[in-house]
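Structure, as structure tokens:
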Amino acid sequence: MTNRSRYHGHTAQPQSTISSKIVAVFALMLVIAFAVALAKYLQTSENQTTNVTFASSERISDNSLRVWVDVKRKNVDTPAYCIVTALNYDMAEVGRREVYISPGGENLQRLQLDITTREPAVAGGAYGCGETIPFYLDQTEEQVGALPATSG
Numbered sequence: 001m002t003n004r005s006r007y008h009g010h011t012a013q014p015q016s017t018i019s020s021k022i023v024a025v026f027a028l029m030l031v032i033a034f035a036v037a038l039a040k041y042l043q044t045s046e047n048q049t050t051n052v053t054f055a056s057s058e059r060i061s062d063n064s065l066r067v068w069v070d071v072k073r074k075n076v077d078t079p080a081y082c083i084v085t086a087l088n089y090d091m092a093e094v095g096r097r098e099v100y101i102s103p104g105g106e107n108l109q110r111l112q113l114d115i116t117t118r119e120p121a122v123a124g125g126a127y128g129c130g131e132t133i134p135f136y137l138d139q140t141e142e143q144v145g146a147l148p149a150t151s152g
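Just so we're aligned: 5 in the UniProt record's numbering is position 5 of the sequence shown, and the numbers increase by one with no gaps anywhere.
Here you go:
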């Protein structure tokens, strides 16, 4: 009996090829899933016509936070709304404000918003925007501090 047949039996070769094929198929499925998720993300982000970005915040009192956000719209003729949040030290939401953005104005606006909080807030956040205005949102409310955002 040779060393080769002693250490490399007939059963070792098929098992290693089967396990390597399983690993290859799993890796291929993982790459395909990642590509599909990336494509969906890119498609969704391209279709968003209104985006909000957090700029800054300042605590006014234990139950109020002032937040500045930049709202960028592709079509200023369409009304939109954005959701802005107040966060505590644990990054839990302690307040939220939905703001109506009327048609017109600049493509990029900086908004100053005061958010009522249920406990002291330390930071603000920008949750997101949409163009389907909720029925309960006050569309007559004036936007506080709606100014063209400066770049830089």
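Using N, Cα and C, we set each Cβ at its ideal position, and we do this for glycine too. Nothing here was measured: the structure is a model prediction, and the numbers come from that model.
- Going by DSSP, residue 53 is part of the beta strand (DSSP E) stretching over 50 to 61.
- Spanning the alpha carbons of residue 92 and residue 118 requires a straight line of approximately 11 angstroms.
- Here residue 126 carries a strand assignment [DSSP, helix/strand/coil].
- Here the stretch 102 to 109 lies against the stretch 62 to 73, with 3 or more beta-carbon pairs under 8 angstroms apart.
- Residue 122 places its beta carbon 9 angstroms or farther from that of residue 66.
- DSSP lists 87 as the bridge partner or partners of residue 93.
- By the 16-neighbour rule on beta-carbons within 10 angstroms, residue 57 is buried.
- Assignment of residue 136 by DSSP, reduced to helix, strand and coil, places it in the coil class.
- Where residue 64 is concerned, the enclosing beta strand (DSSP E) starts and stops at 64 to 73.
- Of the other Cβ atoms in all chains shown, fewer than 16 fall within 10 Å of the Cβ of residue 104; this residue is therefore exposed.
- The alpha-carbon of residue 80 is positioned some 11 angstroms away from that of residue 137.
- With distances taken between CA atoms, residue 63 lies nearest to 96 out of 129, 125, 130, 96.
- A direct Cα-to-Cα measurement between residue 32 and residue 113 gives close to 43 angstroms.
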